Amino acid sequence: MYIGCFWLVLGGYTMGLRDHIMEETRFDLDFWLKALSELGYDMRLEELDVGTLVEKKVFPRSLGDNLRVEGVRRFLSTDYVEGALILVSGSLTKSSATRVARSWKRMRLLRPLLIFSDGEQSVITTVPGPGSEGEARVFNLSERLYHTDVEVLESMRFDPDPERYKERYDREFLPYEKVRNEFFRGYRELYAKIEEAVRPVFRTAGIEAESSAYAQRFLGRLMFIYFIQKKGWINSDKRYIDSVRDISELNLLFYEGFNRKDSPLGVPYLNGSLFDREEYMDRLEGALERVLEPLFFQAREFFNRYNFTVDESSPMDIDVSLDPSMIGTVFENMLPENQRGAKGTYYTPPAETAFIIRRALSAYLGLKDRVIEDAGGKRFVDGLTAYLEELADKKSERDVRELREKLLSLRILDPAVGSGGFLVAAMEEIVDILKEADATVGFKTDVEMYKERILPNLIGFDIEKEAVEIARLRLWLSLVIAKKEPEALPNLDLNIVETEDSLQKGQYKLDIYVDREVKNMLDEIQDLREKYVRTHTTQEKREIKSRFDELAGKLERKTGSQQRLIEIYSVKPDIVVMNPPYIRQEELDQSRKQYYSSVYSLDKKSDIYVYFILRGLELLSEGGALAAITSDKWLETSYGVSFQEKVKPHLLAVYGQRKRSFGADVNTVISVYSKRKLDEPVSFTYLESFASERVVRHVSLPRSTLRPGKWFYLKAPEVFTQKILPKLTHRLGDFAEIKRGFTTGANEFFYMKDVSHLFEADRLADPEKFERWGVKARTSKELEEQGLIYIENEGGGRFVLERASVRPIIRSIKDYVKPHISVTPSTLCLYVDNLVGSPFTEKYIRHGEAMEVEVGRGSNKGVVKGYHNLSTVKARTPWYKLPQLKPTTIFLSEFYSARFLSLFSDRPLLADHLFELVYPDSPSSERALRLYLNSTVHFLMLELWTRRMGGGGGVLHPLTVDYKSLPVPDFGLLSRSLVGVVFGDRPTLDYSEEVKQEDRRRLDLAVLRGLGFSEADAGAILDELYQEYLEVVRDRLIKAGRSLAERVEEGGFSDVDGEVEVE
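In structure tokens:
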């Protein structure tokens, strides 16, 4: 057999892995001996002693779920990976398999490829990467093999090269992203076909807007059937859908099967509004069935290719099969890329979701999340985990009962519910916590009962009707998983609600929580909502909704509120969790922006997520907790100051991670708040990832010392914040005036180069042209003697101008390899105050006014007659007069990636808008500034102080306001330590190589001595500073990926209509 190939030759017939095992229905030891052999593994099995593995804590003493390990057969052992077949009896679940896999990796220090089999079904699990705390991948096989299952198995092929095999294990084994992305693409295409097919039917009926929701609901109902048939609830047939003959029978199943207690179809009565018959179906059912008939068969064929499972993974487990948690990504993937950004809709990965839920629960319960230091470095200790360990030690039934009652009574709200991921995760996390708590005293966990108590207390709002549908579907499926026998589903219409705006606040005429009549109405509404969840007759549901709407109307009239306000649907929640929309303030409707800014008293430049946090805090009950994942911009931008002022009394902690969060082009943080009086410090913790215990940086600041402003503590290294930052007692603006370079608005007209050396050749080629211009000079020397210059502008035109009308200009950082500008820049700029005595320049300007200018974008897109009519220049008077800046000798770039330098020149120069011009207040300051602004202390301060371009992009983008406010030392004291220091005449290297250079070290040591450190201390601090500087820059570039970070090094910026853009 050829090891890396999937082909088996039997009796002259060549058979692939797919063909050979597609008909398998039992995934036992024999199956795996055959399959693994075909994947290239040497199947000489080695028996491992179960007792020894338990003793060495490779297997937990109690696996739960009545699971028992009967035998372990090792089939693979390399320096990095260990593979074993684990034969079990009892209830095999994915969560128990991944628990063993993590324990295996932690105790045996090898990557595990574990295959569990109970003789019928199998669970395969891996834990990629170096640590054991991260995400585990898990894959379930039962009943039959699906086409995608074979693709997954083929990903596990053996490779005789141990290094290569390890890399493939980490990157390629159990390729959940590939499987899911294929599913999402197919699902989206199906949805588009169905929506297109039904739209004319709805248009004819005058309700075209319903077509999208119906298409979504149709696919949701069908997918729901695929999940519940896995439970064997439909005629005990796990492939029941294959027996449905046509769309008419499918509709019968939807409306007369799951929705009737006495259904003759042999299907369970599930009720719940998922299968409520739409009001328009009596009129449109026939027409819809005609257009949907072929699409139903297409949909069934598509779904049949995938392995659906109802054993939902824990948040830290990534399932390669399609489990209910997968639906969380459906809504995001239903939106085209441009709509996702516009609507701010981004799916939160499971690790982040679990972390957020646990932080909120921990905060509500008053538990302390901590950071400790041990031999392995700083480590995050989850307060909930620590508390469960205490319970295990105490074995107190009373404490377990108290915890159970607290958690089962929690009211949890997500005001931007999306696909319902946070509410489902909250329910699952609470159940998992209670499982662990019950186990400490030997209580039996009733998962079904726990979920039934939790669900009525879950409330969600969203502006997207389709998102609301998916959120309800996810919650229903989460309940189905826990049930052993089919029962009617709860009604979620009044729990998961479509709203026009979750941020809308009532203009109350009175306090709705104090006025007795209003309070009574709110109490009745709450009772109705809870009753509605469990009501299963159509008449009762109508009566409850009618009374609910009646009370909501009364409240609106009495209080001046609106019916869809969160306050009406929910009593004050104990916990608010959310991933609010990522919509920048520039994209907000002006009327909405004005309303939010006014009602919430925040800076008008605030992005929408900060309003959601304030709204959540306002809704919380006393003692409640809020946790949210948002952009990190509020920590450092100007609008963040007003927000920080408001949330500081409630802020408990801020968490970041080195790992890139998700699709949104934005760096994210998780912030945690409490609706109680706080006096404890505020914690800033930067983790390797939210799935990891490893802490990269941590600082805990007294609340009284935390001033609104630049909260860069997640990025700030300890040595810098503790030793260096306190010595940066001034602002750069104290020692120099700082002005941004000018924007021409028409670079091809204003920017040019000297081509006087071509003057004679061009004049000989076309003497009439120069005569028309009135040029008397015949040579370049005569041209110079007459005070003229021959130029070529960036539009390609050549003209004679007065030399006094142009100035050399610094234009792009990519033009300079070293800080010291020793040669006059080759780029020139038209720079005139008036045209008196400048006839050639005046002719050039009039020529520009007569030209037809092609504009590629902006308000002037198309052909414009004359440069003076461009929107980018016409506001100037006259249009050709650029802002009058005084030339200077120090220039700071507005963009940095991996190469850092601040420019200085021997002669005063001008610069365009990609630079800041620095005007020192004294000659002594000038020399100190030239050197200090090229120091590592300065560049590290810049990393911490300034914003990053493009949201999550890797390019530092300091603006004028940032430079002016940048903390610096006293240059009067610093200048003495810099005497004799020479720097700036060699090419500047990449940041990681730059810190190895001797002249760089001499400069940085001189700066540290100038800050007051002794020679010995300066040397020790500098070594630590370099390490932290490398870490901070590397972290920024890792988060950026390719995108902006490398483009800035390649000079990929251009000036379009006066604005910077990435080409």
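Per my numbering, the very first residue in the sequence shown carries number 211; after that it's consecutive.
Glycine is no exception: its CB is placed at the ideal position from the N, C-alpha and C atoms.
Since the structure is predicted, the reported quantities are computational estimates derived from the model, not experimental observations.
- Between Ser1145 and Leu1213 the beta-carbon gap is near 6 Å, inside 8 Å, which marks them as a contact.
- Under the three-state reduction of DSSP output, Met253 falls in the coil class, being neither helix nor strand.
- Shown here, Thr358 sits in a helix according to DSSP, grouped into three states.
- A direct Cα-Cα distance of roughly 21 Å separates Arg580 from Val929.
- Boundaries for Ile444: no alpha helix (DSSP H) harbours it, and the DSSP string shows neither H nor E there.
- DSSP, read as helix, strand or coil, puts Gln867 in strand.
- Beta-bridge analysis with DSSP links Lys949 to Leu1127.
- Here Leu687 has Phe437 and Pro534 as same chain residues with Cβ atoms under 6 Å from its own Cβ, once five neighbours each way along the sequence are excluded.
- Taking C-beta separations shorter than 8 Å and ignoring five residues to either side along the sequence, the partners of Phe513 in its chain run Leu432, Met433, Tyr436 and Ile451, following chain order.
- Leu1038 is not a Cβ neighbour of Asp1116, given a cutoff of 8 Å.
- The beta carbon of Val1192 sits closer than 8 Å to the beta carbons of Asp1209 from its chain, once the five residues preceding and following it are set aside; these are given in chain order.
- Residue environment analysis places Pro625 among the buried positions, since at least 16 neighbouring C-beta atoms fall within 10 angstroms of its C-beta.
- When C-alpha distances from Phe952 are compared across Pro696, Tyr1041 and Gly1182, the shortest belongs to Tyr1041.
- If you draw a straight line from the Cα of Phe1009 to the Cα of Ser1107, it is about 37 Å long.
- Runs of the alpha helix (DSSP H) spanning 4 or more residues and lying entirely within the region 1009-1073 occur at 1049-1060, in chain order.
- Burial check for Glu345: the Cβ neighbour count within 10 Å reaches 16 or more, so the residue is buried.
- By the C-beta criterion, the region 623-641 is judged not to be in contact with the region 595-605, since fewer than 3 inter-stretch pairs fall below 8 Å.
- Taking every protein chain shown into account, the CB of Gln1237 has fewer than 16 other CB atoms within 10 angstroms, so this residue is exposed.
- Annotation: the continuous beta strand (DSSP E) that includes Phe326 extends over Arg321 to Ser327.
- Annotation for Thr650: the continuous alpha helix (DSSP H) segment containing it runs Gly631 to Val651.
- For Ala346, the enclosing beta strand (DSSP E) starts and ends at Ala346 to Leu351.
- Distance between Lys403 and Val454, taken at the CA atoms: about 21 Å.
- Judged by pairs of C-beta atoms under 8 Å, the region 1212-1229 does not touch the region 1238-1247, as fewer than three such pairs exist.
- The alpha carbon of Arg904 has as its nearest neighbour, out of Asp592, Asp238 and Lys694, the alpha carbon of Asp592.
- For Ile451, no beta strand (DSSP E) segment is defined, and its DSSP state is neither H nor E.
- Tyr1142 and Ala677 have their C-alpha atoms some 53 Å from each other.
- Excluding its 5 nearest sequence neighbours in each direction, Glu405 has C-beta neighbours in its own chain below 7 Å: Ser421, Ser422 and Ala425, listed in chain order.
- A direct Cα-to-Cα measurement between Asp328 and Asp527 gives close to 21 Å.
- Inter-residue distance for Arg757 and Val743 is about 15 Å (C-alpha atoms, whole angstroms).
- Measuring C-alpha to C-alpha distances from Ala647 to each of Leu1119, Leu594, Ile669 and Ile457 identifies Leu594 as the nearest.
- Straight across, the Cα-Cα distance linking Tyr1077 with Leu942 is about 38 Å.
- Spanning the alpha carbons of Ala1014 and Pro1168 requires a straight line of approximately 33 Å.
- Distance from the CA atom of Leu484 to the CA atom of Leu685, rounded to whole angstroms, is 11 Å.
- Ranked by Cα distance from Val787, the first of Thr563, Gln508, Phe1181 and Arg409 is Thr563.
- In its chain, beyond the 5 residues on either side, Trp443 and Pro696 have a beta carbon closer than 6 Å to the beta carbon of Pro478.
- Cβ neighbours of Ala1230 within its own chain (closer than 8 Å, five residues either side excluded): none.
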